[in-house]
Amino acid sequence: MQPTDIANPSYFHKVVDCQWACPAHTPVPEYIRLIGQGRYSDAYMVNWVSNVFPGILGRTCDRPCEPACRRGRVEESNGEHPQPVAICRLKRVAADHKDDVRDRMPIPVAPELRRKGKRIACIGAGPASLTVARDLAPQGYQVTVFDTEAKAGGFMRTQIPHFRLPESVIDEETGYVLNLGVDFRGGQRVDSMNELLAQGFDALFVGCGAPRGRDLQLPGRTEAAAQIHIGIDWLASVSFGHVTRIGKRVIVLGGGNTAMDCCRSARRLGGEDVKVIVRSGFEEMKASPWEKEDAMHEGIPIINFHVPKAFVHEGGKLTGMTFEVVKAVRDDKGRRQLVATGEPDVVVACDEVLIAVGQENSFPWIERDCGIAFDEWGLPVLDKKTFQSSLAQVFFGGDAAFGPKNIITAVAHGHEAAVSIDRLLHGEDIRQRPAPHVNLLSQKMGIHEWSYDNAISGDARFKVPWAKAEKALANIRVEVELGFDAATAFKEAERCLNCDVQTVFTDASCIECDACVDICPMDCITFTDNGEEHDLRTRLKAPARNSTQDLYVSGLLKTGRVMIKDEDVCLHCGLCAERCPTGAWDMQKYLLMETYAGERARDRKSTRVGAQRMEARA
């Protein structure tokens, strides 16, 4: 094998999986270390630069980083149940425990200077649009955000129940963005793309979400319509206080996170017998595992493999639903399908039904003659790299771009679209994407001292405390999860393996004494003859079975051998570097910073005023 280039982002991608699994590429180990040091405000700002909404995401994120956490892989290799670091909940710790950070935010551009800048319109005040505004406003652009609702936040405010996400957190974090000089037009619906284009904006960003919930047109739907509700619309009505109670017997149809929010909300509004009924198997449900666990923890059963057939009613009043019982089978080609079991149909009594079987994009306000092309599913035809539509100055992001996803994906779309808009308005090729900034910095403070805590904790993952059930279920605005206190946050932060602090090997300094091999607690270092990767993986001291994880391979040593390290199970404890008599090993922090809209994102040398505004205070 060829020697590994540790400064190559593609190698870093394989090692610090948590950062790359996050669509916004948040530097996870960096902010977790800061939390462990009690530097909550610093940790918050590291988060804020990349994901914009640390307090919101610390409560609601879908956690794509946690399945990629190497802590789980190391524990699994030891025969233990894998328990990744509680990355999401530590993000909340930074938000809950920080000081006042308003003076660390980017400096708003003076109004007289902002009026001279290019004009950007953002349609919708959800996470994607607010990210575009956050990135472009500090660069001197005039950013106007339109939204139907009086307050910013989009579906974060209207569709996530307050027992999961308090309104005060939304107000705070959307406020940080709007205070950058953004012109927020709340309560102002955009009814025509042509009219908006006629206002002379230099660029437009559509981040209006996927506002239409799918319906089920089954027998009885029309007759019993008064007791049947579309899930996302019902959640919005609950959020605004238009709905304050529900029937005692409630069926929730659907297996996604919206269904989990619906059933838990119904439980708090008077539903005594609330059931979730889905057509798929439990493991196939789209809801996050912890969302399903939370619902069941509150006494809500989930009934699988039941396909809805009809709404049962008497004189226009809903009394129940009929379901066909099915099972999953695979045909000769391995394709899965649901087939009837032959059992009698099941009738489930209910007073109200909440339909949460998916969401669809809806763009009735975009005239089809405005120059924006749509595909057969009603989605805009976009460049997936730049988020540009067929109309050059119009960009899409978030759920409005490729269909419903999650908050952190919407944030990532916003960052990329902001770079595209910035480059477009400077006459540059928007498909030329700026590379991230990479830096390697030694962590050595002395012979046996490092600037990071490398004592690996053996603790299992800590549980987040909950409010008492009788209190939490009695009021829909009482937050259920209480968050980690400082002591527990420290212990959870100590579980992080510091994956961004890399072992860097200098082959010219190695005397092949094998001291590093002897001291490695994971047997992940091997000195052997070089060869092809598939062969090397079988000859290591601990065979490297995870083929998705790159090996660290040195250049040729004095004996003609090479040093091979399996990054899959390395603890980054630094013992190899402490034990090495020649200093051939070092622990170096790999800092990768994404490039956001601003001078650094464009093809010119400059003082990077805008980028400095964004970064210096973080």
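Going by my numbering, the sequence shown opens with residue 8, and the numbers climb by one from there.
Beta carbons: idealized from backbone N, C-alpha and C, even for Gly.
Would you mind stating whether residue i and residue j have Cβ atoms separated by less than 9 Å?
i	j	result
Thr602	His444	yes
Gly161	Ala132	yes
Thr545	Val569	no
Asn537	Asp69	no
Val2	Val259	The structure shown does not extend to residue 2, since the chain spans only 8 to 625, so no value can be given for it.
Tyr597	Asn461	no
Gly214	Gly365	no
Ile415	Ser397	no
Ala493	His104	yes
Ala608	Ala417	no
Gln90	Arg342	no
Val4	Leu578	Here the chain comprises residues numbered 8 to 625, so residue 4 is not present and cannot be evaluated.
Cys25	Ile94	yes
Asp154	Gln195	yes
Ala50	Leu64	no
Gly261	Gly238	yes
Cys76	Val53	no
Ile13	Tyr559	yes
Leu225	Arg252	no
Arg271	Ile307	yes
For the candidate residues the options, whose alpha-carbon lies nearest to that of residue i?
i	options	result
Val139	Leu260, Leu211, Ala494, Glu291	Leu211
Arg440	Arg192, Ala424, Ile526, Thr165	Ala424
Gln285	Val245, Arg546, Phe330	The displayed chain sequence assigns Val, not Gln, to residue 285. Measuring from the Cα of Val285, the nearest candidate turns out to be Phe330.
Val353	Ala335, Ala549, Gln234, Ile310	Ile310
Gly124	Gln149, Ala462, Ile39	Gln149
Ala273	Glu291, Trp241, Trp297	Trp241
Met328	Leu223, Gly421, Lys391	Leu223
Val100	Ile114, Val59, Gly43, Pro315	Gly43
Val22	Ile379, Ala31, Pro36	Pro36
Lys391	Val401, Asp382, Gly378, Ala408	Ala408
Pro173	Glu486, Gln9, Pro113, Arg343	Glu486
Asn58	Pro115, Arg126, Leu41, Leu137	Leu137
Ala28	Pro74, Glu374, Thr326	Pro74
Gly323	Glu87, Ser246, Leu578, Gln234	Gln234
Ile114	Arg141, Asp107, Glu291, Met600	Arg141
Ser516	Ala479, Thr566, Ala551	Thr566
Glu202	Asp178, Asp110, Glu374, Ala217	Glu374
Asp106	Thr155, Tyr47, Glu119	Tyr47
Gly278	Gly248, Phe208, Gly465, Gly254	Gly254
Arg122	Val189, His422, Cys76	Val189
His88	Cys95, Arg78, Ile94	Arg78
Pro315	Ser287, Thr155, Gln195	Ser287
Ala294	Gly465, Pro71, His433	Pro71
Gly421	Pro34, Pro218, Ala144, Val346	Ala144
Cys580	Glu540, Asn505, Ala232, Asp49	Asn505
Asp530	Asp542, His541, Lys548, Leu543	Lys548
Asp110	Gly434, Val524, Pro588, Leu187	Leu187
Leu564	Thr348, Gly238, Ser554, Cys520	Cys520
Glu209	Ser175, Val401, Ala31	Per the sequence shown, residue 209 should be read as Asp rather than Glu. If we check each option's Cα against that of Asp209, Val401 comes out closest.
His304	Ala159, Val281, Pro218	Val281
Leu431	Tyr459, Trp457, Ala399	Ala399
Gly453	Ile177, Arg586, Ala604, Val197	Arg586
Lys498	Ser464, Pro308, Ile167, Phe403	Ser464
Arg192	Gln166, Ser175, Lys158	Lys158
Assuming residue i contacts residue j under a Cβ cut-off of 8 Å, what Cβ separation, rounded to an integer in Å, is found between them?
i	j	result
Leu97	Ala496	6 Å
Lys572	Thr510	7 Å
Ile362	Phe170	So it is not a contact: roughly 21 Å between Cβ atoms.
Phe394	Ser427	6 Å
Leu389	Gly410	Not really, about 12 Å apart at Cβ, beyond 8 Å.
Ala419	Ala31	5 Å
Asp575	Ala584	At roughly 19 Å, the Cβ-Cβ gap does not stay under 8 Å, so Asp575 and Ala584 are not in contact.
Give me the DSSP bridge partner(s) of residue i.
i	result
Thr533	Ile571
Ala335	Leu345
Leu361	His236, Val259
Gln90	For Gln90, which the question treats as bridged, DSSP gives no partner whatsoever.
Lys324	Glu321
Ala356	Gly327
Examine chain C for any beta-carbon lying closer than 9 Å to the beta-carbon of residue i, and answer yes or no.
i	result
Thr251	Reference to chain C is not applicable here, since this structure consists of a single protein chain.
Residue ranges of each alpha helix (DSSP H) within the segment 389–451, 4 or longer
Every alpha helix (DSSP H) stretch that sits fully inside the segment 389–451 and reaches 4 residues is listed by chain position as 406–409, 414–431.
Curious, which full-length alpha helix (DSSP H) runs of at least 4 residues does the segment 234–312 contain?
Within the segment 234–312, the complete alpha helix (DSSP H) runs of at least 4 residues are 238–246, 264–275, 296–304.
Any chance you could list the alpha helix (DSSP H) runs of at least 4 consecutive residues sitting entirely within the segment 32–69, in chain order?
For the segment 32–69, whole alpha helix (DSSP H) runs of length 4 or above, ordered along the chain, are 35–43, 47–58, 61–67.
Mind listing, in chain order, the continuous beta strand (DSSP E) runs of no fewer than 3 residues lying wholly within the segment 173–235?
Listed in chain order, the complete beta strand (DSSP E) runs (minimum 3 residues) inside the segment 173–235 are 190–193, 210–213.
What are the uninterrupted segments assigned as beta strand (DSSP E) that are 3 or more residues long and contained completely in the segment 460–516, given in chain order?
Runs of the beta strand (DSSP E) inside the segment 460–516: 508–512.
As an exercise, report each continuous beta strand (DSSP E) stretch of at least 3 residues that is fully enclosed by the segment 573–612, in chain order.
You should have 592–600.
What beta strand (DSSP E) runs, 3 residues minimum, are completely inside the segment 71–137?
You should have 126–130.
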